[in-house]
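Protein chains in written order, with our numbering: chain A, 1 to 337; chain B, 338 to 688; chain C, 689 to 951. Note that beta-carbon positions come from the ideal geometry of N, C-alpha and C, so glycine has one too. These numbers come from a predicted model, not from an experiment. Structure, as structure tokens:
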Amino acid sequence: MRWFVNKHPVWAGFIIILAAIALWLIFAVWPEWLVDAVGRKKIFLNALFNGITLGGLYFLVASGFTLIFGLMRNVNLAHGSLYLLGGYIGYGVAEWTGYWLLAFPAAFIVAGAFGILLQLVVFRRMEGQDLRQTLVTIGVSIVMADLMLWIWGGDFYNIRAPSWLSGPMETFFVTDVRTSTGDLIFLKYPMVRVVIFAASVVVGIGMWLLLSRTRVGMMIRAGVDDSQMLAATGARIQLAFLGVFAFGAGLAGMAGVVGGTFQSVAPGEDIRFLLASLVVVIVGGMGSIPGAAIGALLIGLAEQFGSVYFPTYAVVLTFLIMVLVLAFRPQGLMGRA
Amino acid sequence: MALVESRPRETRRIGWLERLPASYWALGAVLLLMPAFASDFVIFQIMGWTFILGIIALSLMFLAGYGGMVSLVQMSVAGVAGYMIAICGDSAIETISQGWPWYIAIPLALIIAVAAGTAVGWLAVRTEGIYTIMITLAIASAFFYFARQNYVIFNGFSGFNGVLPPELFGVDWRAPGAFYYLTLFWATAGYLAVLYLSRAPFGLALQGVRDNPRRMAALGFNVTAHRVAAYSFAALLAGIGGILLTWQSAQISPGTAGIGPVIDILVIAVIGGLRHPIGPFIGAFIYVLLKTFALDALVAVGLGGERFQLLIGVGFVLIVFFSPDGVLGLWEKVRQNRGRDLVRDPSGEAR
Amino acid sequence: MIAQSSVTQRLSATGTANALELRGVSKLFGALAALSDINITVRPGERRAVLGSNGAGKTTLFNCVTGDFPLTTGAIRFFGEDISAFPAHERIRRGLRRTYQISLLLNGLSVIDNVYLACRGVSRGRFSFLRPRRDDALMASAETLVRVVSLDSVQDALVSTLSHGQQRQLEIAMALAGAPRFILFDEPAAGLSPTERRDLIQILTGLPSHMGFIIIEHDMDVALRVAESVTMMHNGRIFKEGKPSEIEDDPEVQALYLGGGPD
């Protein structure tokens with residue numbers, strides 16, 4: 001952190017000022033002129049937290065994608081299909097057993113198994129041919145999308161959160177002051193979103209720890225830098241590839257359950273979340289987990305604020321961020337030059 | 338990133354007219370005379386569409402085969418040109434269409450398309466090769482969503498209809514016969530242009546940049562500039578295809594440049610083969626045939642007619658698996674096997 | 689034939705600006721100092737050899753001069769012009785050329801295409817959409833170059849089909865394209881047979897007198913035959929400079945490089 005401040009003092013100053021403004025906006029009671037100009041604070045806070053939790057969801061999906069690229073230089077465009085598959089499987093399991101929590105391991109296992117299948121049947125045969133592998137993933141995604149459409153039809157499914165998670169929870173963020181009594185009104189926010197966000201933070205930290213603190217993680221990071229060299233040292237790189245692919249795929253599947261709970265499981269969600277992953281990873285930087293986190297947060301916030309405050313051009317905001325990053329820092333915010 | 342193993346072999350110094358094999362003459366004759374013996378449906382719908390998709394896929398083949406850059410934004414650039422011709426020229430949406438004459442509207446549409454393609458190229462080329470697919474896909478989807486939500490310029494979800502070619506020289510260019518020759522002309526022009534360009538300094542330098550950008554920089558070439566210029570030329574091709582596409586269906590909407598069509602162009606180019614400019618047209622022909630007749634074929638087999646995507650997807654995966662050079666690659670292998678002397682080379686390996 | 693023209697003679701012939709000047713150049717990769725405080729001056733037309741054990745930083749030096757790596761500190765001047773911030777292609781267009789330790793060729797194109805592009809790269813019309821005509825001047829010079837390195841028999845062959853020695857010859861041809869003023873040869877003799885090595889020495893010594901070069905070589909025979917001055921590097925620093933005969937006899941050099949083991 002100190003290094004960043006030293007190297008880019010202007011940017012650091014800018015970010016600190018932005019952070020101060022943001023903190024004030026979040027915690028203080030808004031004065032009249034602000035409410036007139038921007039709208040009610042409750043809407044702002046909802047957009048903010050929806051953006052953050054959506055960012056958590058995007059992080060879950062994008063981190064698997066970036067991990068797979070980082071290690072295997074393969075742009076896996078079937079990643080969205082894995083997400084959707086996880087969503088359908090999760091829905092089925094949750095409905096059948098009645099336990100929402102069971103949806104997660106089910107989705108993880110099925111999506112992970114698909115990942116292993118892809119790795120063994122497809123990628124191992126085309127080792128080193130990045131483009132060819134990517135083309136195959138495109139074909140696979142087309143096939144999977146149509147098969148899922150065939151099996152589950154075109155309906156929207158929504159995975160019901162369990163009763164102990166549904167409903168709003170009281171937060172400590174002030175939205176307004178009751179004019180009659182002077183009491184503070186606090187924001188009520190859906191508990192399920194908070195819990196899922198917390199879970200994605202845990203997953204993110206867990207992954208980061210795994211990659212940076214364990215031997216397996218070190219091997220994976222070495223493989224990102226130079227997989228040929230790593231293979232020459234005798235490390236079981238194929239097993240590492242398999243593990244990473246399975247994990248990344250499983251993560252996407254679990255994200256499908258999350259998305260199905262937040263929003264819905266339906267055809268077209270695969271493309272939507274694939275595109276979201278692409279944008280997140282372009283902005284955050286390929287192969288970087290912290291980058292995926294920052295990118296996901298940025299994109300989630302942009303999308304939510306966009307849809308609340310500039311509904312016609314919400315999409316433009318997201319892609320504008322992407323274009324800016326591409327223009328000025330093509331390797332991504334945390335990417336290696 | 339070698340999807341294509343060896344490069345097109347060109348012969349020089351012999352006059353190209355003498356070099357044309359008989360098959361080219363036969364094909365040329367068939368194409369020129371087709372309206373005489375084929376139905377309107379065949380020449381307008383099947384062949385016209387083949388030529389149009391072929392031109393757009395040719396622009397992708399140019400970038401991918403000669404430049405090593407797989408760009409998924411070509412269909413979007415075609416869409417930009419189509420939209421611009423609707424906006425600058427005539428359409429049923431009179432509140433937006435400017436109604437300028439064709440000699441202003443058409444060049445303007447192409448210029449805007451080339452500008453768009455160049456801008457995308459500039460964004461996409463300063464990163465590693467494999468990122469290009471990601472970045473161009475993201476930009477293509479951005480264009481789709483934007484066009485769908487913008488009502489001021491793009492007329493949102495419905496887009497423009499009633500977009501017709503101008504009546505020049507007293508010909509209704511959308512009549513099947515005239516349209517067929519129009520698309521045939523531009524397809525041939527595009528094909529010959531790409532073929533010619535591949536051996537011009539620009540095309541050679543582009544192939545050099547594909548093979549070894551570091552080396553090209555060390556020979557004095559500005560690698561980034563060459564790549565961006567390639568995008569510009571490809572955008573011109575895609576723009577021409579886009580205008581023809583809009584005229585053919587007399588309408589353009591966000592779905593024309595949606596994710597599905599964007600990927601379809603890649604599928605077409607790869608199925609045909611990225612090695613030679615004829616590949617995209619072969620791929621387009623196969624695609625159009627499938628799209629037209631797959632419904633009946635699927636029903637005959639017992640699957641629902643909606644399973645077209647499944648068919649395309651499986652076919653695509655099989656092609657990439659077994660013949661990554663597409664149909665052209667298969668053809669090469671067949672030719673090599675047939676030329677082999679089975680007595681002297683019993684090993685059975687294709688060289 | 690050993691190039692024995694005096695350096696001072698050549699100096700007065702081509703002016704006073706040094707062909708290549710490195711001042712205080714260093715290159716750090718994280719904590720690893722690949723180059724430390726390099727100061728080199730090469731006159732126009734001078735033939736210099738840079739020697740040193742593996743890891744001494746010789747190729748890194750070349751990479752910095754051609755622009756593959758940005759410098760950590762210091763400046764590089766080429767014929768009086770500060771090129772430290774220039775991208776690679778700008779440096780090449782000012783008359784700098786380089787060959788590579790491992791041949792860096794355009795594998796999908798033919799021999800003549802490679803050399804033609806080398807000639808094109810430093811001339812106008814890089815973006816030309818027109819195919820070269822039969823009497824194209826650049827095509828003619830490309831064909832001449834191919835003849836100089838004795839590759840005219842395989843002129844139209846794809847690079848990927850050439851033998852190692854032929855590829856090394858093609859490297860040389862591409863370095864000579866377009867009238868360079870100064871060339872960096874990175875181990876041109878690597879992997880060559882004795883006959884090919886003799887041909888290489890002939891080419892190098894037969895270069896026009898205004899064309900200076902720096903040669904990195906492990907083959908002392910080749911290096912000391914074509915060079916008139918030598919720079920010894922070790923661990924990213926220059927530790928000795930002088931005439932070939934002086935270097936050969938220097939006890940420190942012998943201990944460290946010619947006879948001694950790794951440090």
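DSSP lists C:V918 as the bridge partner or partners of C:G930. Using a Cβ-Cβ cut-off of 7 angstroms, C:V810 counts as an interface residue toward chain B, since at least one Cβ of chain B sits closer than that to its own.
Interface residue (Cβ-Cβ distance to chain B less than 7 angstroms): C:R835 is not classified as such. Chain B has a Cβ within less than 7 angstroms of the Cβ of A:P330. C:F757 and C:N751 have their alpha carbons spaced roughly 6 angstroms apart. Secondary structure in the segment 524 to 610 of chain B: the alpha helix (DSSP H) runs of 4 residues or longer, each lying completely within the stretch, are 538 to 548, 550 to 554, 560 to 586, 596 to 609 in chain order.
Interface with chain C (7 angstroms Cβ-Cβ cutoff): B:G545 is included.
In the DSSP secondary-structure assignment, A:F172 is not bridged to any residue. By the criterion of a C-beta distance shorter than 6 angstroms, B:G404 is surrounded in its chain by L543, R547, A567, once the five residues flanking it on both sides are discounted.
By the Cβ criterion, the segment 69 to 81 of chain A is in contact with the segment 284 to 292 of chain A, since at least three pairs of Cβ atoms, one from each stretch, lie closer than 8 angstroms. Between A:L317 and A:V325 the beta-carbon gap is near 13 angstroms, outside 8 angstroms, which marks them as no contact.
By the Cβ rule, the segment 586 to 597 of chain B counts as touching the segment 479 to 487 of chain B, because three or more pairs are nearer than 8 angstroms. Judged by DSSP in its simplified three-state form, C:S798 adopts strand. A:Y83 sits in a helix when the DSSP states are folded into three classes. When 9 angstroms is used as the limit between beta carbons, B:F483 is near these residues of chain A: Y313, V315, V316, F319, in chain order. Beyond the five residues adjoining it in sequence on each side, C:I728 comes within less than 6 angstroms, by CB distance, of L710 in the same chain, given in chain order. The beta carbon of C:T760 sits closer than 7 angstroms to the beta carbons of S714, K715, L716 from its chain, once the five residues preceding and following it are set aside; these are given in chain order.
Per DSSP, C:F817 lies in no alpha helix (DSSP H) and is assigned neither H nor E.
Where A:D36 is concerned, there is no enclosing beta strand (DSSP E), although the alpha helix (DSSP H) around it starts and stops at 32 to 38. By the rule that beta-carbons nearer than 7 angstroms mark a contact, B:A394 does not touch chain A. In the assembly as shown, C:K931 is an exposed residue. Its beta-carbon has fewer than 16 other beta-carbons within 10 Å. Proximity to C:P876 across C:L805, C:V914, C:F817, C:V842 peaks at C:V914, based on C-alpha coordinates. Annotated three-state conformation of B:A418 is helix, per DSSP. In chain order, A555 make up the part of chain B whose C-beta sits under 7 angstroms from the C-beta of C:R786.
Residue-level contact check: C:R856 does not touch chain B, since none of the beta carbons of chain B fall below 7 angstroms from its beta carbon. Between A:V280 and A:I299, the gap from beta carbon to beta carbon is short of 7 angstroms. For A:L210, same chain residues with a beta-carbon under 8 angstroms away, outside a window of 5 residues either side, are V216, G217 in chain order. By the CB criterion at 7 angstroms, C:I902 and C:R781 fall outside the cutoff. By the beta-carbon neighbour count (other beta carbons within 10 angstroms, threshold 16), B:E431 is exposed. By the beta-carbon neighbour count (other beta carbons within 10 angstroms, threshold 16), C:H777 is buried.
Under the 7 angstroms criterion on CB atoms, B:Q411 is classed as non-interfacial with respect to chain A.
The segment 714 to 745 of chain C is shown to contain whole beta strand (DSSP E) runs of 3 or more residues at 720 to 730, 735 to 739, in chain order.
Looking at the DSSP output, C:T761 bridges to C:S714.
Just measuring C-alpha positions, the residue of A:S81, A:F262, A:M207, A:T214 sitting nearest A:L57 is A:F262. For B:I422, same chain residues with a beta-carbon under 7 angstroms away, outside a window of 5 residues either side, are A442, I443, A446, V500, I580, T583 in chain order. Counting the other CB atoms within 10 Å of its CB gives A:D36 a total below 16, which places it among the exposed residues.
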